[in-house]
Amino acid sequence: MSSWYEASARQRIDALADPDSFEEFIGPEEREVSPHLALFDLPEQFDDGIVVGRARLSGQPVLVAAQEGRFMGGAFGEVHGAKLTGLLRAARTLRCPVLILFDTGGVRLQEANAGEMAIAEIMREIVLARADDIPVVGLIGGRAGCFGGGGLIAGCCSTLVISEHGRLSVTGPEVIETNRGADEFDSKDRALVWRVTGGKHRYLIGGADLFVEDDVAAFRRAAIEGLSRRAALDILTLADEQKRLEHRLKRFGAMTEPRDVWAALGVLRPETVSGLATEAFLAEGLHKRENAHDAR
Amino acid sequence: MTAWDTQKKARYGRIEAGSRFAEGKVVSKDSLPRFLDAVLKPGDRVCLEGDNQKQADLLAGALAGLDPARIHDLHMVQSGVVLPEHLDIFEKGIARKLDYSYSGPQSARIARMLFGGQIELGAVHTYLELFARYFIDLTPNVALIAAVSADRDGNLYTGPNTEDTPTVVEATSFKGGLVVAQVAEIVDKVPRVDIPGDQVHFLVEAKKPFYVEPLFTRDPGAITETQILTAMLAIKGLYQPYGITRLNHGIGFNTAAIELLLPTYGEKLGLRGKICTHWALNPHPTLIPAIEAGWVEQIHSFGSEVGMDRYIEARPDIYFTGADGSLRSHRAFCQTAGLYACDMFIGSTLQIDLSGHSSTVTTSRIAGFGGAPNMGSDPRGRRHPSEAWLKAGEEADPASPAPLRRGRKLVVQIGETFGEKNVPTFVERLDALELADKLKLDLAPIMVYGDDVTHIVTEEGIANLLLCRDADEREQAIRGVAGYTDVGRGRDRKMVEKLRERGIIRHPEDLGIDPLDADRRMLAARSIKDLMLASGGLYDPPSRFRNW
């Protein structure tokens, strides 16, 4: 078993794609670095923290983007964002499914405007791709989690795969604590952070579709499954979505502790959920969780 | 006529005054403020138990709430200044003078208060030094201590975190002082007697456990590849050639990396059973994989560690445990063990100068010493030989006849050339000197003196200071492993090359280590959860270390 959480962006692609099938676009040799970081005397990275290219997955052609969480927390900047936007545009031209390996804290503060615009462009491209019935599968299980604009983009994907270590949300724990105080959300209580934003909770409330072990082979299997799932996004889906969200709000809206949500879902011994191994968790959660859907 | 029993009478007076608020020995929580007001006198020397980890938090809060018009000018003699209340009492004028060892979490505030003159500083000690002074010239009049439980006779169970308690009680109770213990609960029979009841005069039931600081948990997830490289250098370049079996580790990430490399890298080198068998060490969670893989024979501990209790109880062959099954730690004994019975101390530091002096103070923080200087010093009173000790002695002084030559304890500083936030570890002048100037101290607070340091390990290599024959060689040996810091770039290249030829400096390639092999995949555990799994579910990590 090899950890997805521990792996770098390039190691993840290597483990995910068929052997020797990956071909990188705008690789580090082109030194397409951020035009902004130098102004802040910050180090650049030749791939700007995202690796994009084409590969084969179980023989099927796919486009892949992998964020490197160890460079600036995997944050979206101008170049980083443009590489993903371009990849998604190519997906529509080529009618080729896309895998996004998220590992991001959101937008890079040093290039916030460019980063925010990139988020909007990426969301738009995903929606257009899905309107053309092209699957866009998100995989979440890296160190930086998937926060900020990353969380919004993930919400647009056709399928989301998450591991226990994976975290998915918009506003990160530190930001909530800074703005609302530790009583509102104690970002140092890591067990709480994972209970609220972590993979198990997201899976149980229907915020992610597939829950996997923190293992590159498990992510690969889930990615293959994800490609075969329904991708279309139309007005009917959105209407259903709205209904589901209203239902979720009514059912869980007043709760402040994920364990209460799990109890309401009928999960036995909610206090043990965080400690359960993958298999035992799936056995308990698979049929009790909210149906996975687009409302994330 | 001279009275020879004034202390005994004074204690009797305190017991009488306190008994008005007690039933037998038991003082209720509500009467605690009035009780303390009755038993304390202005100018008393007080030990408010603040250890490295456990804290008499209830008693600290009550002491801080006293009326400074009645109780003032206390002289606090305690090893740890850890809780805010420990300093509140100075701000309020209840206490005036302080002798202590360690002030981790309060290091910035204590520095401000020292600069502001709110605290009259006696001295900053090492643990053993302060404990020694409890029996010579800093004997407490009143000790306010913490235990897990007590019976009504005052027999105390201190649980896994015994730490300083027996030492404090010994000095106080046998010299006419008064001992007051806060306990989580009063029971009919304690699980084991750590402190006999006749040494304890009053009890307060806190109805909750005392506060314990988890100090020794290092998340494997945060260990960097540079730290792994330094760990590989240490294992192959020091542990193996010196045959280090008895040792103490500091609490940094570099030594955590060493612990996690034993079952992988160490195993590959065939070192199981040959190194790292006997330890003076807190129950580090990062040592679990090595223990489970059969590397470790025994460990004596200064204190315990949060979450490790069940694991320790299940491994009594490894740890020192009581009849009840739980850990018995003891800071004074373990410090002595680390000083006299270990052949190596290895730890990280914040600053190292050109003579090898190291310090963890910066101009705005006074963290104190704790136990590192006891561990990180060569004991001049040692007389028993060991392979490592004799070999190091020979390297330092090859000319003396062997039967008359002292051995040397290995004192190793390990770290990256640039530490946290990319601050250089190597400096021309220690911040400690500036602090000593500012506070008009006779001594700069040096954690480990240069003449005790035998080796420095960085990602650039190992400097063996034992082999240096003069101050010049020493300086160049230090510069020679200082990487791209200003100190490192100021090296005399030719001389450093010569030192390398003589084996005084050794780079990874000189030891057959490829830096590219320093990969996190080599760690026996890469997350706190891995540690929990390695322990068979016995280790119960505190919430703040979880990522699940």
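First to last, the sequence lines map onto chains A and B.
The first sequence maps to residues 52 to 347 in our numbering.
The second sequence maps to residues 551 to 1098 in our numbering.
Even for Gly, the Cβ is constructed at its ideal location relative to N, Cα and C.
All values derive from a computational prediction rather than experimental measurement.
Problem - A:I214 - containing beta strand (DSSP E), residue span - result: Locating residue 214 of chain A in the first sequence gives position 163, counting from the first residue. First, the amino acid is wrong: residue 214 of chain A is Ser here, not Ile. Residues T210 to S214.
Handout entry: A:H216 at chain B interface by Cβ criterion, 7 Å
Key = Taking the first sequence and counting its residues from 1, one reaches residue 216 of chain A at position 165. Using beta-carbon distances, A:H216 counts as an interface residue toward chain B, with a partner under 7 Å.
Practice task
Look at the alpha carbon of A:G217 and the alpha carbon of B:T1004, and state the distance between them as a whole number of angstroms.
Solution key: For the purposes of this step, residue 217 of chain A is identified with residue 166 of the first sequence, where counting begins at 1. For the purposes of this step, residue 1004 of chain B is identified with residue 454 of the second sequence, where counting begins at 1. The alpha-carbon atoms of A:G217 and B:T1004 are separated by roughly 44 Å.
Exercise for the section: Give me the Cβ distance between A:M52 and A:D291, rounded to the nearest whole Å; I'm assuming they're in contact under 8 Å. Expected result: On the first sequence, residue 52 of chain A is found 1 positions in, with the first residue counted as 1. On the first sequence, residue 291 of chain A is found 240 positions in, with the first residue counted as 1. Incorrect: roughly 37 Å between the Cβ atoms, too far for contact.
Handout entry: CA-to-CA distance, B:D859 to B:L648, given in whole angstroms
Key = If you number the second sequence from 1, residue 648 of chain B lands on position 98. If you number the second sequence from 1, residue 859 of chain B lands on position 309. So the two alpha carbons sit approximately 33 Å from each other.
Exercise for the section: Would you tell me roughly how many angstroms separate the C-alpha atoms of B:Y707 and B:G897, rounded to the nearest one? Expected result: Counting from 1 along the second sequence, the entry for residue 707 of chain B is found at position 157. Counting from 1 along the second sequence, the entry for residue 897 of chain B is found at position 347. A straight-line Cα-Cα distance of about 32 Å links B:Y707 and B:G897.
Exercise for the section: Just list the beta strand (DSSP E) runs in the segment 218 to 272 of chain A, keeping only unbroken ones of 3 residues or longer that don't cross its boundaries, in chain order. Expected result: 261 to 263
Handout entry: Cutoff 8 Å; reference A:E75; Cβ partners in own chain excluding five residues on either side
Key = Translated into positions along the first sequence, residue 75 of chain A becomes position 24. Excluding sequence neighbours, A:E75 sits near V102, V103 and G104.
Practice task
Give the interface partners of A:K239 over in chain B, defined as CB-CB distance under 8 Å, in chain order.
Solution key: Taking the first sequence and counting its residues from 1, one reaches residue 239 of chain A at position 188. Under the 8 Å cutoff, chain B gives R1094.
Problem - For B:I1012 and A:S214, the rounded distance between their alpha carbons - result: Looking up residue 214 of chain A in the first sequence gives position 163. Looking up residue 1012 of chain B in the second sequence gives position 462. Each residue's Cα considered, the two are about 41 Å apart.
Exercise for the section: List the residues of chain B whose Cβ lies closer than 8 Å to the Cβ of A:A423, in chain order. Expected result: Residue 423 of chain A cannot be examined here, being either before or after the span of chain A that is shown, 52 to 347.
Practice task
Mind the definition here: the segment 623 to 639 of chain B touches the segment 728 to 747 of chain B only if three or more C-beta pairs lie below 8 Å; say whether that holds.
Solution key: no
Exercise for the section: Report yes if the C-beta distance between A:G165 and A:A117 is below 7 Å; otherwise report no. Expected result: Residue numbering aside, residue 165 of chain A sits at position 114 when the first sequence is read from its first letter. Residue numbering aside, residue 117 of chain A sits at position 66 when the first sequence is read from its first letter. Per the sequence shown, residue 165 of chain A should be read as Ala rather than Gly. Cβ atoms of A:A165 and A:A117: not closer than 7 Å.
Practice task
Find out if the Cβ-Cβ distance for the pair B:A614, B:D587 is shorter than 7 Å.
Solution key: One-based indexing of the second sequence puts residue 614 of chain B at position 64. One-based indexing of the second sequence puts residue 587 of chain B at position 37. No, the Cβ-Cβ distance between B:A614 and B:D587 is not below 7 Å.
Practice task
Since I believe B:T1008 is in contact with B:T814 (beta carbons under 8 Å), could you give me their beta-carbon distance rounded to a whole number of angstroms?
Solution key: Taking the first residue of the second sequence as 1, we reach residue 814 of chain B at position 264. Taking the first residue of the second sequence as 1, we reach residue 1008 of chain B at position 458. About 22 Å separates the two Cβ atoms, so there is no contact after all.
Problem - Short Cβ contact (7 Å threshold) for A:E162 with A:H87 - result: Residue 162 of chain A sits at position 111 when you count from the first residue of the first sequence. Residue 87 of chain A sits at position 36 when you count from the first residue of the first sequence. Yes.
Exercise for the section: State buried or exposed for A:L319, treating a residue as buried only when at least 16 other CB atoms are found within 10 Å of its CB. Expected result: Here residue 319 of chain A refers to the residue found at position 268 when the first sequence is read from its first residue. Exposed is the call here.
Handout entry: Local conformation of B:Y890 per DSSP, three classes
Key = Taking the second sequence and counting its residues from 1, the one referred to as residue 890 of chain B is at position 340. Looking at B:Y890 - three-state DSSP - the assignment turns out to be helix.
Problem - chain A contacts from the segment 761 to 790 of chain B (Cβ-Cβ distance under 7 Å) - result: Listed in chain order, the positions of the segment 761 to 790 of chain B with a beta carbon within less than 7 Å of a beta carbon of chain A would be empty, since no residue qualifies.
Problem - Simplified DSSP state of B:R979, which is helix, strand or coil - result: Here residue 979 of chain B is taken as the residue at index 429 of the second sequence, counted from 1. In the structure shown, B:R979 sits in coil (DSSP, three-state: anything other than H, G, I, E or B).
Exercise for the section: Leaving aside the five residues before and after B:L664 along the sequence, list all residues of the same chain whose C-beta is less than 8 Å from its C-beta, in chain order. Expected result: Residue numbering aside, residue 664 of chain B sits at position 114 when the second sequence is read from its first letter. Cβ within range, chain order: L671, I916 and L989.
Practice task
Let me know the secondary structure DSSP gives A:A12 once reduced to three states.
Solution key: The question about residue 12 of chain A has no answer here: the residues shown for chain A are numbered 52 through 347.
Handout entry: Secondary structure of B:S569, DSSP reduced to three states
Key = What you label residue 569 of chain B is simply residue 19 of the second sequence in a count that begins at 1. B:S569 falls in the helix class under three-state DSSP.
Exercise for the section: Go through its chain and collect everything with a Cβ distance to A:L243's Cβ below 7 Å, but skip five positions before and after it. Expected result: Numbered from 1 along the first sequence, position 192 holds the residue referred to as residue 243 of chain A. By the criterion of a C-beta distance shorter than 7 Å, A:L243 is surrounded in its chain by D237, once the five residues flanking it on both sides are discounted.
Handout entry: Contacting residues, own chain, Cβ-Cβ under 8 Å from B:A994 (five flanking each side not counted)
Key = Here residue 994 of chain B corresponds to residue number 444 of the second sequence, with the count starting at 1. Only S909, L980, A982, L983, L985 and A986 meet the Cβ criterion.
Exercise for the section: State yes or no: is the beta carbon of B:R1100 nearer than 7 Å to at least one beta carbon in chain A? Expected result: With chain B running from 551 to 1098 in the structure shown, residue 1100 of chain B is simply not present.
Exercise for the section: Throw me the rounded Cβ distance for the A:I177 and A:C207 pair, which I believe falls under 8 Å. Expected result: For the purposes of this step, residue 177 of chain A is identified with residue 126 of the first sequence, where counting begins at 1. For the purposes of this step, residue 207 of chain A is identified with residue 156 of the first sequence, where counting begins at 1. A:I177 to A:C207, Cβ: 4 Å. Contact.
Handout entry: Residue environment, B:R570, which counts as buried when at least 16 other CB atoms sit within 10 Å
Key = Here the question's residue 570 of chain B lines up with position 20 in the second sequence. Under this definition B:R570 is an exposed residue.
Problem - Burial state of B:L1066, where buried means 16 or more other Cβ atoms lie within 10 Å - result: Taking the first residue of the second sequence as 1, we reach residue 1066 of chain B at position 516. Under this definition B:L1066 is an exposed residue.
Problem - Beta-carbon spacing of B:A864, B:L1088 below 7 Å - result: Taking the second sequence and counting its residues from 1, the one referred to as residue 864 of chain B is at position 314. Taking the second sequence and counting its residues from 1, the one referred to as residue 1088 of chain B is at position 538. Yes, Cβ-Cβ distance for B:A864 and B:L1088 is below 7 Å.
Practice task
Would you mind telling me which residues of chain B sit closer than 8 Å to A:L243, beta carbon to beta carbon, in chain order?
Solution key: In the first sequence, residue 243 of chain A corresponds to position 192, counting from 1. Those are S1093, listed as they occur along chain B.
Exercise for the section: Please name the residues in the segment 249 to 283 of chain A whose beta-carbon is closer than 7 Å to at least one beta-carbon of chain B, in chain order. Expected result: G249
Practice task
Go to B:R1185, then tell me how far its alpha helix (DSSP H) extends in each direction, as first and last residue.
Solution key: There is simply no residue 1185 of chain B to check, as chain B begins at 551 and stops at 1098 in what is shown.
Problem - Residue interval of the alpha helix (DSSP H) (run including A:F76) - result: For the purposes of this step, residue 76 of chain A is taken as the residue at position 25 of the first sequence. A:F76 -> not in any alpha helix (DSSP H); beta strand (DSSP E) instead, spanning E74 to F76.
Handout entry: Cα-Cα separation, B:H622 to B:Q668
Key = Residue 622 of chain B sits at position 72 when you count from the first residue of the second sequence. Residue 668 of chain B sits at position 118 when you count from the first residue of the second sequence. For B:H622 and B:Q668, the distance between alpha carbons rounds to 13 Å.
Handout entry: A:W313 - containing alpha helix (DSSP H), residue span
Key = Along the first sequence, read from residue 1 onward, the residue named residue 313 of chain A stands at position 262. That run of the alpha helix (DSSP H) goes P309 to A315.
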